[in-house]
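K.L.:
Just passing along the structure, written as structure tokens.
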Amino acid sequence: MYLLNEELARAHQRQLLATAAERRRGNELALAQRLARRAERNAMRARLHLARML
């Protein structure tokens, strides 16, 4: 019985680690997308500013 409980605990821990890793990858992807959108907005503002100066 002890080995079964230990194995269940290990399986649960592996699942928690996998879930955490998946969430971390999702968060990193969302951050990269936000930064890309911010960079694109800044580039657009810079082009607009340059066009106004000409």
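Each residue of the sequence shown is one higher than the last, beginning at 0 in numbering that gives the first Met the number 0.
We treat Cβ as the ideally placed atom computed from N, Cα and C, and that holds for glycine.
Considering only residues of the same chain and omitting the five flanking positions on each side of tyrosine 1, which have a CB-CB separation below 7 angstroms?
P.N.:
Around tyrosine 1: no qualifying Cβ.
K.L.:
What residues in its chain sit with their C-beta under 8 angstroms from that of leucine 34, if we drop five residues either side in the sequence?
P.N.:
Within the same chain, leucine 34 has no close Cβ partners at all.
K.L.:
Assuming leucine 15 is part of the alpha helix (DSSP H), what are its boundary residues?
P.N.:
Segment 1 to 52, the alpha helix (DSSP H) holding leucine 15.
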